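Counting with this note's numbering, you get residues 2 to 247 for the letters of the sequence shown. Quick reminder that beta carbons are idealized off the backbone N, C-alpha and C, glycines included. Note that this is a predicted model, so its numbers are computed, not measured.
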Amino acid sequence: MNEVFRIAAVIPHYRHPLSIEHVVDSVAPYVEQVIIVDDASGAESESVLQSLSLRDNVNVVRREQNGGKGAAVITGCRCAAELGFTHVFQVDADAQHDLARTEYFINTARQNPLKVVCGFPRYDDSVPKSRLWGRYVTHFLVWLNSLSFAVKDSMCGFRVYPLKPLIELIEQTAFHPRMGFDIEVVVKLHWLGVAFINREVSVYYPMDGVSHFDAVKDNLEIASTHWHLFLGMLKRSPKLVLRWFK
C-alpha cells in the first residue's frame, strides 16, 4: 500500500453520556479525526455530544432512527472514506476497553496497513460468566464459518480496519445491523482474503456499567448471523480449504 496512512476513530454511540468524553479524550491524540456516530440516543446525551462537536477534530454524525451498533459503525466508516481516510479505529463508547492500548493498535496497523488489527480481550473477575461462555461458543462458530483460526475474538469492539476492502464489502453485501456486525464483518473479510493480526486488550465490566445488550433480541440476531455465515462458508469451502495448502 503506497498511499499515505490516514486514520480516523469511529465510535458508535448510544446513550453513554458519562463515558463518551473520556473515550474521545483517550483516542483523539492518535488519530486525525474522531467520528462519533450517535444512534438516536435522545436528550440525555445531547449536551455532551454538542460540547464534543465543537472540537476541531471531532465530527458528530447523527442517525435519526436507532439502527444498532453495526449500522452506526457502517455509517462512520462511510463518513471516514468520504473524508479520505485509509483506516478506521473502531472503539466502543462504554470505556470498557483499555484505551491506553490505542497507540499500540494504531502503530501496529501503520506497520501492517493491509491487515485488520483485531483486539482479543483479557478479562478480570468482573466479566459476567454468561458473557464469557457465550463468547467461547461464538469463537468456535467463527472458526468453523471461516475454516480458520485467523481471528481469536470476533466480538471485541476494539480494532483497526483498512477502509478499502471494508467499504467494498459494505457496498457488496448486507450486514446484520446490530450486535451481529462485529462477528459478520471479520468472517466476510477473511473470506475475501484479508489477513488479521490479533492483539490483546484488557476489558473491564464495572458493577454500575451501562449495557444495551438485549439478551433475547441480540442473541437471536447473533444466532441468525452464525447461521447465514455457515451457509456462506459451505459455498466457499473449496476455496477456503485450498488456503490451508498455500
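{"query": "Beta-carbon gap between F159 and V92 smaller than 9 Å", "result": "yes"}
{"query": "Test item: CB-CB of I12 and G69 under 9 Å", "result": "no"}
{"query": "Helix, strand or coil at G194 according to DSSP, with G and I counted as helix", "result": "coil"}
{"query": "Helix, strand or coil at H23 [DSSP, three-state]", "result": "helix"}
{"query": "Entirely enclosed alpha helix (DSSP H) segments - the stretch 22-69, minimum 4 residues", "result": "47-54"}
{"query": "Straight-line Cα distance separating P239 from A29", "result": "43 Å"}
{"query": "Endpoints, the beta strand (DSSP E) within which Y162 is located", "result": "159-163"}
{"query": "Cβ neighbours of L148 in the same chain (closer than 6 Å, five flanking residues each side left out)", "result": "L241"}
{"query": "R123: first and last residue of the uninterrupted alpha helix (DSSP H) it sits in", "result": "Here R123 belongs to no alpha helix (DSSP H); instead the beta strand (DSSP E) covers 117-124."}
{"query": "Assigned exposure category for F141 - 16 Cβ within 10 Å defines buried", "result": "exposed"}
{"query": "Anticipated Cβ contact below 8 Å, E185 with H191, distance rounded", "result": "No, E185 and H191 are not in contact; Cβ-Cβ is about 11 Å, not under 8 Å."}
{"query": "Own chain residues within Cβ distance below 8 Å of N146, not counting five before or after", "result": "V188, H227, L230, F231, G233, M234"}
{"query": "Test item: CB-CB of A96 and H23 under 9 Å", "result": "yes"}
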